[in-house]
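Asks: So that we are looking at the same thing, I have put the structure below in structure tokens.
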Amino acid sequence: MASSRSLMRPLRSLGARSTPTLCRPCIRTIASTANAQAAVSNESSKTPKNLKPLTQEQRDYLDSALRVNQAGELAAVLIYAAQSPILVRSKPHLRKLMSHMYDQEDGHFKTFNGLIHKHRVRPTAMYPLWSVMATGLGWSTAMMGYKAAMACTEAVETEIGGHYNEQIRTLLEMVSQWEAEGYEVGEELSSLVKTLRVIRDEELEHLDHAVEHDAQKAEPHWLLTGVIRAGCRGAIWTYGWHLLWDVYI
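With numbering that gives the first Met the number 0 as the guide, the letters of the sequence shown map in order to residues 0 to 248.
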């Protein structure tokens, strides 16, 4: 708008002092057009984005996703916390790897804690049970040996990677539908998709580390990983079902 005004001042001055009378209406028209264009530009900058309001079903899905993810990352932190002291004593060379994976899981947990707090989503009441089960899984597989502990990581991260992929796919379908309808996508949702992708990739990195460190040499590998994967799927399903009965803040 400042540039439009500065353009108009010399025109008005010129029209008042030296421009023939017949040209003055033309100058006034130019000035009026500049004013109108500036007003339209200013008005458009203040126009809110055409954002699609979330349906109740979509709100419930996002709340559930954040809470399941937070609980899952808590479980991962507790599994590594239970495994690490035992594994590092018997296999000191694993200290750096275990510390790296623990730190990443702790970062994931803190990320979802922040999102839970920001969006005022109440954590589940199942935390005590979740904590006992995760700690027990970590301790028992570590006691079976480092190969079994790595097989545990392989199984858990396989399921968690698939779980995050499903969430990302659902959110991208939601975004595509909104864009097809002419709506803009809010920064919050775009940021959530990016966050899930980063965390998913780090979880799959843990899976690769586990395979590289003899996870598939655990005996019996098929039974151990099969039971753990089934337990993960059951926990995700049970946790998601339980959320339907919780009351959101």
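Don't be surprised by glycine CBs; every beta carbon is placed ideally from N, CA and C.
Shortest alpha-carbon distance to residue 97 belongs to which of 229, 75 and 65?
Replies: 75
Asks: With H, G and I counted as helix, E and B as strand and the rest as coil, what does DSSP make of residue 183?
Replies: Residue state, collapsed to three classes: strand.
Asks: Any chance you could list the alpha helix (DSSP H) runs of at least 4 consecutive residues sitting entirely within the stretch 116–189, in chain order?
Replies: 126–142 and 145–179
Asks: Of all the options 104, 194 and 220, which has the alpha carbon lying nearest to the alpha carbon of residue 164?
Replies: 194
Asks: For the putative contact between residue 250 and residue 210, defined by C-beta atoms under 8 Å, what is the C-beta separation to the nearest angstrom?
Replies: With the chain covering 0 to 248 only, the question about residue 250 has no answer from this structure.
Asks: Go through its chain and collect everything with a Cβ distance to residue 49's Cβ below 6 Å, but skip five positions before and after it.
Replies: 182 and 183
Asks: Out of 220, 213 and 156, state which residue places its alpha-carbon closest to the alpha-carbon of residue 200.
Replies: 156
Asks: To the nearest whole angstrom, what separates the beta carbons of residue 77 and residue 130, a pair I think is in contact under 8 Å?
Replies: 6 Å
Asks: Return the bridge partner residues of residue 50 from the DSSP annotation.
Replies: Residue 50 pairs with 183.
Asks: Suppose contacts are defined by Cβ-Cβ distances below 9 Å. Is residue 159 in contact with residue 202 by that definition?
Replies: yes
Asks: Given 8 Å as the limit, is there contact between the stretch 112–122 and the stretch 209–226, that is, 3 or more CB pairs closer than that?
Replies: no
Asks: Please classify residue 90: does DSSP put it in a helix, a strand, or coil?
Replies: coil
Asks: Inspect the beta-carbon positions of residue 103 and residue 212 and report whether they are closer than 9 Å.
Replies: no
Asks: Going by C-alpha to C-alpha distance, which of 187, 113 and 147 sits closest to residue 215?
Replies: 147
Asks: Once the 5 residues before and after residue 228 are set aside, which same chain residues still bring their CB inside 6 Å of it?
Replies: The residues are 154 and 158.
Asks: Helix, strand or coil for residue 219 per DSSP?
Replies: Residue state, collapsed to three classes: coil.
Asks: Is residue 208 helix, strand or coil when you go by DSSP?
Replies: helix
Asks: Can you tell me the Cα-Cα spacing of residue 133 and residue 141, whole angstroms?
Replies: Residue 133 and residue 141: Cα-Cα distance of roughly 12 Å.
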